[in-house]
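Trainee: I am attaching a structure below and will ask some questions about it afterwards.
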């Protein structure tokens, strides 16, 4: 494989995968029963090898929901395809769409980041405006005006009014987003963590189990400070019903977790749910990135050490067995080559890894990072 066509970014849905090459080519493969491969046709139903989409468009970022795909072009245009029965494609209709199509209501908006849940989507604009659409029955769209109306679906991207950047101070503007299955999170320039959506298992970290219909600030268990040396959220990732947050605490990075924990995905050494962010004390220092799968979690240190924990019955932890791990466990057989470039933006991403011992070369890459 030529260096320029090697994958630079990978995102995985329930049964499909999307990747971007170093020169901005978009490739798709897997199951396309809802049109999530974006090839403009309903057959073949499955692709076992990557096939290029949007040949004439340079893609810089991608996001995969359970059965839909979002792609950001170099120009800032946002494209979507796949399952659209809940309006999650933003194309104005509640139907599946097999061809990657530019979302018309976002023309003129430069999108810099996107994230996808099961039935909802999020897009962050360059000016800090946050747009959401799809099914918002749990409040995951962040539109307070929908609460109690019986209207749960937004068919086209709608700006969250409370986060309109115009009246906000620079530190209060949104700079990063993450979509869980039915909840959403956002980070501000100043390091604040905002949450909205489903909270019956504590995924929002608000200290209760009440759904939120508008962005709600989450306590990081410490006071903010102007110099940034106290606790500030610097990265967030959402699983099906749990959340990981990378927190800067007096110059050191900490991993904090909240939400569902039936498989130990919070990394706290037990299976107890949390509804407030709790520090994962067993992780080695120096974590630079975190990522959630539906029911398992990962963290990477600056030295390239990859830790996995949570559900493992399909081998998704890559630890050589099918057991759940309640504490972060290092993958000793592999080292992340570029930890600073891994686990960014995509809900489910593949790290760039290499074996460190000859005898592990037989281990399949799919066993290392399955369904993140």
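Residue numbers (UniProt numbering): 1 to 372.
Idealized CB from N, CA, C, for every residue including glycine.
For residue 316, which option in 154, 294, 332 has the closest C-alpha, if you only look at C-alpha atoms?
Mentor: The residue given as residue 316 occupies position 316 in the chain shown. Nearest option by C-alpha distance: 294.
Trainee: Residue 154 and residue 133 look like a contact to me (Cβ under 8 Å); what is the Cβ gap, rounded to whole Å?
Mentor: Stepping through the chain shown from its first residue, residue 154 is reached at position 154. Stepping through the chain shown from its first residue, residue 133 is reached at position 133. Right, their Cβ atoms sit about 5 Å apart.
Trainee: Decide if residue 166 is buried, meaning its Cβ has at least 16 other Cβ atoms within 10 Å, or exposed.
Mentor: The sequence position of residue 166 within the chain shown is 166, counting from 1. Exposed, because fewer than 16 other Cβ atoms sit within 10 Å of the Cβ of residue 166.
Trainee: CA-CA distance, residue 94 and residue 88?
Mentor: Translated into the one-based positions of the chain shown, residue 94 becomes position 94. Translated into the one-based positions of the chain shown, residue 88 becomes position 88. Taking the straight line joining both Cα atoms gives about 8 Å.
Trainee: Where does residue 295 sit, in a helix, a strand or coil, going by DSSP?
Mentor: Indexing the chain shown from 1 puts residue 295 at position 295. Residue state, collapsed to three classes: coil.
Trainee: Curious, which full-length beta strand (DSSP E) runs of at least 3 residues does the UniProt repeat "RCC1" (76–127) contain?
Mentor: Taking only runs of at least 3 residues, the beta strand (DSSP E) segments lying wholly in the UniProt repeat "RCC1" (76–127) are 78–82, 97–102, 111–116, 120–125.
Trainee: Run through DSSP, which three-state label would residue 46 get?
Mentor: The residue labelled residue 46 in the question sits at position 46 within the chain shown. Correct three-state label for residue 46: strand.
Trainee: Please classify residue 26: does DSSP put it in a helix, a strand, or coil?
Mentor: What you label residue 26 is simply residue 26 of the chain shown in a count that begins at 1. Strand.
Trainee: Quick one: give me the first and last residue of the beta strand (DSSP E) that residue 138 is part of.
Mentor: Your numbering for residue 138 matches position 138 in the chain shown. That residue, residue 138, is in no beta strand (DSSP E); it is neither H nor E in DSSP.
Trainee: CA-CA distance, residue 38 and residue 250?
Mentor: Locating residue 38 in the chain shown gives position 38, counting from the first residue. Locating residue 250 in the chain shown gives position 250, counting from the first residue. Between residue 38 and residue 250, the C-alpha separation is close to 45 Å.
Trainee: If you draw a straight line from the alpha carbon of residue 191 to that of residue 233, how long is it in whole angstroms?
Mentor: What you label residue 191 is simply residue 191 of the chain shown in a count that begins at 1. What you label residue 233 is simply residue 233 of the chain shown in a count that begins at 1. Cα to Cα, the separation comes out at about 5 Å.
Trainee: In angstroms with no decimal places, state the Cα-to-Cα distance between residue 28 and residue 7.
Mentor: Reading the chain shown from its first residue, position 28 is the one you call residue 28. Reading the chain shown from its first residue, position 7 is the one you call residue 7. Their backbone Cα atoms lie some 11 Å apart in a straight line.
Trainee: Can you tell which of 162, 26, 262, 252 has the C-alpha that lies nearest to the C-alpha of residue 216?
Mentor: Taking the first residue of the chain shown as 1, we reach residue 216 at position 216. That would be 162, whose Cα lies nearest to the Cα of residue 216.
Trainee: Tell me the rounded alpha-carbon separation between residue 16 and residue 36.
Mentor: As a first step, residue 16 is located in the chain shown; it is residue number 16 there, counting from the start. As a first step, residue 36 is located in the chain shown; it is residue number 36 there, counting from the start. Approximately 7 Å, taken between the alpha carbons.
Trainee: Please go through the same chain and pick out, in chain order, the residues whose beta-carbon is closer than 6 Å to the beta-carbon of residue 18, but skip the five residues on each side of it.
Mentor: Here residue 18 refers to the residue found at position 18 of the chain shown. 11, 28, 62, 64, 69.
Trainee: Are the region 103–114 and the region 42–59 touching, with three or more C-beta to C-beta distances below 8 Å?
Mentor: The region 103–114 vs the region 42–59: no contact.
Trainee: With DSSP as the reference, please indicate the residues paired to residue 52 in a beta bridge.
Mentor: Residue mapping note: residue 52 aligns to position 52 of the chain shown, counting from 1. Answer by DSSP bridge pairing, in chain order: 27.
Trainee: Within the continuous beta strand (DSSP E) that includes residue 167, where are the two ends?
Mentor: As a working note, residue 167 is residue 167 in the chain shown. Here residue 167 belongs to no beta strand (DSSP E), and DSSP marks it neither H nor E.
Trainee: Between the beta-carbon of residue 325 and the beta-carbon of residue 304, is there less than 8 Å?
Mentor: Sequence index remark: in the chain shown, residue 325 carries index 325 (1-based). Sequence index remark: in the chain shown, residue 304 carries index 304 (1-based). Against a cut-off of 8 Å, the Cβ pair of residue 304 and residue 325 comes out as no contact.
Trainee: Residue 384 by DSSP, collapsed to three states: which one?
Mentor: Coverage of the chain is limited to positions 1 through 372, which leaves residue 384 absent and any answer about it impossible.
Trainee: Leaving out five residues on either side along the sequence, give the residues of the same chain with a beta carbon under 7 Å from the beta carbon of residue 142.
Mentor: Walking along the chain shown from the start, residue 142 turns up at place 142. Excluding positions up to five away in sequence, the list reads 132, 160, 184, 196, 214, 215.
Trainee: When DSSP labels each residue in this structure, what does residue 11 get in the three-state scheme?
Mentor: Numbered from 1 along the chain shown, position 11 holds the residue referred to as residue 11. Looking at residue 11 - three-state DSSP - the assignment turns out to be strand.
Trainee: With 16 as the cutoff for other CB atoms within 10 Å, does residue 267 come out buried or exposed?
Mentor: Numbered from 1 along the chain shown, position 267 holds the residue referred to as residue 267. Under this definition residue 267 is a buried residue.
Trainee: Does the Cβ of residue 112 have 16 or more other Cβ atoms within 10 Å, making it buried, or fewer, making it exposed?
Mentor: If you number the chain shown from 1, residue 112 lands on position 112. Buried, by the Cβ-count rule.
Trainee: Would residue 73 and residue 115 be called neighbours here (beta carbons separated by less than 8 Å)?
Mentor: As a working mapping, residue 73 is identified with position 73 in the chain shown. As a working mapping, residue 115 is identified with position 115 in the chain shown. Cβ distance not < 8 Å, so residue 73 and residue 115 don't count as in contact.
Trainee: For residue 373, does the count of other Cβ atoms within 10 angstroms reach 16, so buried, or fall short, so exposed?
Mentor: Outside the displayed span of the chain (1 to 372) sits residue 373, for which this structure offers no information.
Trainee: Chain D beta carbons: is any one of them nearer than 8 Å to that of residue 204?
Mentor: This model lacks chain D altogether, as it is built from one protein chain only.
Trainee: By DSSP, does residue 331 sit in helix, in strand, or in coil?
Mentor: In the chain shown, counting from the first residue as 1, residue 331 sits at position 331. Here residue 331 sits in coil by DSSP.
Trainee: When the Cα atoms are used, what is the spatial distance from residue 254 to residue 247?
Mentor: Position 254 of the chain shown, counted from the start, is the residue given in the question as residue 254. Position 247 of the chain shown, counted from the start, is the residue given in the question as residue 247. Looking at the two C-alpha atoms, the distance is approximately 5 Å.
Trainee: Under DSSP, the beta strand (DSSP E) around residue 254 begins and ends at which residues?
Mentor: Residue numbering aside, residue 254 sits at position 254 when the chain shown is read from its first letter. That run of the beta strand (DSSP E) goes 252–259.
Trainee: Pull the bridge partners of residue 159 from the DSSP assignment, please.
Mentor: As a position in the chain shown, residue 159 is number 159, starting the count at 1. In DSSP, residue 159 forms a bridge with 131.
Trainee: May I ask you to list the residues that DSSP assigns as paired with residue 309?
Mentor: Here residue 309 is taken as the residue at index 309 of the chain shown, counted from 1. Partner(s): 297.
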